[in-house]
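Protein chains: 2
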Amino acid sequence: MSELRAKPSPFLNVLDGFPQDTPPLWMMRQAGRYLPEYREVRAKAGDFLTLCYTPELAAEVTLQPIRRFGFDAAIIFSDILVVPHAMGMNVRFEAGEGPRLDPITDRAGLEALRLLLDPAKVQPVYEAINKVSAQLSRETALIGFCGAPWTVATYMIAGRGTDDQGPARMMALRDPDLFQALIDRLVDASIAHLGAQIDAGADAVQIFDSWAGVLDPASFDRWCLRPLRRIVTALRASHRNARIIAFPKGASLEAMERLAHLPLNGIGLDWTVDRTAARERLVDKVAVQGNLDPLRLIAGGAQLEEEILSIRNDFEGTRHIFNLGHGIKPETPLAHVEKLVEKVREKL
Amino acid sequence: MSELRAKPSPFLNVLDGFPQDTPPLWMMRQAGRYLPEYREVRAKAGDFLTLCYTPELAAEVTLQPIRRFGFDAAIIFSDILVVPHAMGMNVRFEAGEGPRLDPITDRAGLEALRLLLDPAKVQPVYEAINKVSAQLSRETALIGFCGAPWTVATYMIAGRGTDDQGPARMMALRDPDLFQALIDRLVDASIAHLGAQIDAGADAVQIFDSWAGVLDPASFDRWCLRPLRRIVTALRASHRNARIIAFPKGASLEAMERLAHLPLNGIGLDWTVDRTAARERLVDKVAVQGNLDPLRLIAGGAQLEEEILSIRNDFEGTRHIFNLGHGIKPETPLAHVEKLVEKVREKL
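From first to last, the protein sequence lines are chains A and B.
If you count the first sequence from 1, position 198 lands on 198 in the working numbering, and the numbers rise without skipping.
Numbers given in the working numbering equal positions in the second sequence, counted from 1, plus 1000.
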């Protein structure tokens, strides 16, 4: 499927090694609450997980931002906590509260996890990918995703998001063997989940390491870099043409340089990354994706247009995919997204 | 006072340009809840701000960690929110909740602030410094401090700590003139507060920019770097021998390199900073301070000793002050702090 679609997609071309005159564009969380048509489907579905697990609805909200803005890539509507859910954990999304899990605190909790992902949880994701893939034009790529083992583990151990994911950091320091066993499970689950998404029609996959920034360098190498290497290596062995983007939010450029030595196609940059330095140190190895501050998109006005131009200039002539440096926020005005699309596609 | 004390203090020697055989050592939040003698005084004082504003008690808790561990520097017990409090804001510390302020949302809120710091709030801080200074041996330096304008502003606008200090980032984007006016007030207040602390007996001052890491590079330069430059320049003009450390928590090494061009004596590194890169890019310009992960100090054991040795080796022969990469946590075992002191002072 990806072979067929590769040529005319600017997004895939950048991942395959070819810079474009205007950078391809998509936005993290582009299928989300800032869209009135999303809120309508979400209300119909009732809760968040029902939306994730109903292929027709997940496909519909995945396609909404493509229809409205013509982004160069769709990203399947799902959640990084689908994987622990499919490993048998209890996962809830409470309104305005973020995710809640029954935390794993000991080896018994780890041993209770399923070795194979529950098909009742993951099959709907693959079905949704299949549906979206069938409806996208060849110009628009489809992205599958998962959370990185470190990031998913932080939620499995804390049972929620915290300031600095201290609970997982403490377990990794106090009981590295137990923590390694959890990471190993998540590496296997991630390989399976990403591979199945590619089989279902995803042209590329993104691995979200949203909490990569809270670790010291030695811990980053052990809990982020090594597991990612195993996933990327296995995925390349099973899916020769897999296109893989890692998004290590909050990681230092030094950490990203080490990551860029993996056989990745792209690295996502958050909004705090120094683009001049990133250009010097990353773009000869990987495509770069990012990195507009989502708050600049909310604020709009002259500063937004200036920053978009600055991002384009900083990465001109390189393999650059335009994106935000983090997910779009629900309060973002639609008119500002329209302005973004216009400015990213304008000839320089 | 600092002239008299400069020579025999390893901490001041490092700031003055001379590496030491074993790095001087202190810990952020070393006067704090992990100490039983602190908890006793804190219980007697009742609330946190009473402790800050009672010179005898503030001096006592400042000295406690020096008596117990013989650190090379004492840091005056106070809080970065003393400045907005002394500017007339309502500041409360609610148990287990962190600080609460009545947020500034518009120009009227800004105009209502005092131009000169309320002596009832800041005089007790200077008195406490005076008391501590009189009781410290010449080997032990005394550090005064304030929050950086950006970081203090984030609390003044959000009224509390948040995930990513979005409220201040939004105000800075939507109404940069109003935000600049607030920063200008805080620059002046910081210069006054730091200068008075030096006059009262502080040998060095540290500027805590705890939220430096949430800004994109252009915003970092405007809201962190520029205000710091004004503070450092003014303080050097009024206090020729001022010794100044900046701690831009979460900032990238690229941002810290720009900061290192200010006439600073030292830069604090959080635990995520790559030490090899920091050594290459900072130590020819400033002393570096840090950067043990406070969670490693809680966890203890072999990993703690290895990491202490690794930090010492990474900065050997440079102007290095040993510290944590963030404040010590209340649950830290005293035995681990004892081990830290032993390992930092061991001959390599």
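Note that beta-carbon positions come from the ideal geometry of N, C-alpha and C, so glycine has one too.
Just so you know, these numbers come straight off a predicted model, no measurement behind them.
Nonlocal neighbours in the same chain, by C-beta distance under 7 Å from residue i, ignoring five residues either side
{"i": "isoleucine 1198 of chain B", "result": "Gly1144, Val1205, His1239 and Ala1242"}
{"i": "alanine 352 of chain A", "result": "Because chain A in this structure spans residues 1 to 348, residue 352 of chain A falls outside the shown range and cannot be described."}
{"i": "tyrosine 1126 of chain B", "result": "Ala1196, Gln1197 and Ala1200"}
{"i": "valine 1187 of chain B", "result": "Pro1149, Pro1227, Arg1230 and Ile1231"}
{"i": "alanine 1006 of chain B", "result": "Note that alanine 1006 of chain B has pLDDT 45, beneath the 50 cutoff, so the model's placement of it is unreliable and no number is given."}
{"i": "valine 1283 of chain B", "result": "Thr1318 and Arg1319"}
As assigned by DSSP and simplified to three states, the class of residue i
{"i": "glutamate 1094 of chain B", "result": "strand"}
{"i": "phenylalanine 1247 of chain B", "result": "strand"}
{"i": "arginine 68 of chain A", "result": "helix"}
{"i": "arginine 100 of chain A", "result": "strand"}
{"i": "isoleucine 1075 of chain B", "result": "strand"}
{"i": "alanine 1141 of chain B", "result": "strand"}
{"i": "leucine 1348 of chain B", "result": "coil"}
{"i": "leucine 117 of chain A", "result": "coil"}
{"i": "leucine 25 of chain A", "result": "strand"}
{"i": "glycine 300 of chain A", "result": "coil"}
{"i": "alanine 1031 of chain B", "result": "coil"}
{"i": "serine 1252 of chain B", "result": "coil"}
{"i": "leucine 1057 of chain B", "result": "helix"}
{"i": "histidine 261 of chain A", "result": "coil"}
{"i": "isoleucine 1191 of chain B", "result": "helix"}
Beta-carbon gap between residue i and residue j smaller than 8 Å
{"i": "glycine 1213 of chain B", "j": "threonine 151 of chain A", "result": "no"}
{"i": "leucine 35 of chain A", "j": "proline 65 of chain A", "result": "yes"}
{"i": "lysine 249 of chain A", "j": "aspartate 274 of chain A", "result": "no"}
{"i": "valine 1232 of chain B", "j": "isoleucine 1245 of chain B", "result": "no"}
{"i": "alanine 1141 of chain B", "j": "alanine 1073 of chain B", "result": "yes"}
{"i": "methionine 1410 of chain B", "j": "proline 1103 of chain B", "result": "There is simply no residue 1410 of chain B to check, as chain B begins at 1001 and stops at 1348 in what is shown."}
{"i": "alanine 1202 of chain B", "j": "leucine 1117 of chain B", "result": "no"}
{"i": "glutamate 307 of chain A", "j": "leucine 292 of chain A", "result": "yes"}
{"i": "leucine 1253 of chain B", "j": "alanine 1278 of chain B", "result": "yes"}
{"i": "isoleucine 298 of chain A", "j": "histidine 336 of chain A", "result": "yes"}
{"i": "phenylalanine 93 of chain A", "j": "leucine 49 of chain A", "result": "yes"}
{"i": "threonine 1054 of chain B", "j": "proline 1124 of chain B", "result": "yes"}
{"i": "glycine 98 of chain A", "j": "isoleucine 328 of chain A", "result": "no"}
{"i": "glycine 1147 of chain B", "j": "phenylalanine 1208 of chain B", "result": "yes"}
{"i": "asparagine 1090 of chain B", "j": "leucine 1101 of chain B", "result": "yes"}
{"i": "leucine 51 of chain A", "j": "arginine 39 of chain A", "result": "no"}
{"i": "glycine 1088 of chain B", "j": "leucine 1110 of chain B", "result": "no"}
{"i": "leucine 1225 of chain B", "j": "arginine 1258 of chain B", "result": "yes"}
{"i": "arginine 296 of chain A", "j": "glutamine 303 of chain A", "result": "yes"}
Residue burial classification, residue i (beta-carbon count within 10 angstroms, cutoff 16)
{"i": "proline 1008 of chain B", "result": "exposed"}
{"i": "isoleucine 1115 of chain B", "result": "First, the amino acid is wrong: residue 1115 of chain B is leucine here, not isoleucine. Classification for leucine 1115 of chain B: exposed."}
{"i": "aspartate 216 of chain A", "result": "buried"}
{"i": "aspartate 47 of chain A", "result": "exposed"}
{"i": "serine 1137 of chain B", "result": "exposed"}
{"i": "arginine 185 of chain A", "result": "buried"}
{"i": "lysine 121 of chain A", "result": "buried"}
{"i": "leucine 264 of chain A", "result": "buried"}
{"i": "threonine 332 of chain A", "result": "buried"}
{"i": "leucine 334 of chain A", "result": "exposed"}
{"i": "proline 294 of chain A", "result": "buried"}
{"i": "arginine 107 of chain A", "result": "exposed"}
{"i": "proline 1010 of chain B", "result": "buried"}
{"i": "glycine 266 of chain A", "result": "buried"}
{"i": "aspartate 1177 of chain B", "result": "exposed"}
{"i": "proline 167 of chain A", "result": "buried"}
{"i": "alanine 1189 of chain B", "result": "buried"}
{"i": "arginine 1067 of chain B", "result": "exposed"}
{"i": "glutamate 1003 of chain B", "result": "Because glutamate 1003 of chain B carries a pLDDT of 48, less than 50, the predicted location of this residue cannot be relied on, and the following value inherits that uncertainty. Classification of glutamate 1003 of chain B: exposed, given that the 10 Å Cβ count is below 16."}
Contacting residues, own chain, Cβ-Cβ under 6 Å from residue i (five flanking each side not counted)
{"i": "lysine 1347 of chain B", "result": "none"}
{"i": "alanine 1059 of chain B", "result": "Ala1128, Lys1131 and Val1132"}
{"i": "lysine 1285 of chain B", "result": "Ala1260"}
{"i": "glycine 161 of chain A", "result": "Gly98"}
{"i": "serine 1078 of chain B", "result": "Cys1052 and Val1125"}
{"i": "valine 341 of chain A", "result": "Phe69"}
For residue i, the residue or residues it bridges with in DSSP
{"i": "glycine 147 of chain A", "result": "A/Phe208"}
{"i": "asparagine 323 of chain A", "result": "A/Asn291"}
{"i": "glycine 1268 of chain B", "result": "B/Gln1289"}
Own chain, CB closer than 8 Å to residue i, minus 5 neighbours either side, in chain order
{"i": "proline 1019 of chain B", "result": "Gly1317, Thr1318, Arg1319 and His1320"}
{"i": "isoleucine 183 of chain A", "result": "Pro149, Trp150, Ala153, Trp223 and Pro227"}
{"i": "glutamate 1305 of chain B", "result": "Lys1339 and Lys1343"}
{"i": "methionine 1001 of chain B", "result": "Confidence is the limiting factor: at methionine 1001 of chain B the pLDDT is only 41, short of 50, which leaves the residue's position unreliable, though a coordinate-based value still follows. Result list for methionine 1001 of chain B: Ser1133, Gly1201 and Asp1203, in chain order."}
heavy atom of the ligand FAD below 7 Å from residue i C-beta
{"i": "aspartate 1106 of chain B", "result": "Annotation note on the ligand FAD: not contained in the displayed structure, which lists no ligands."}
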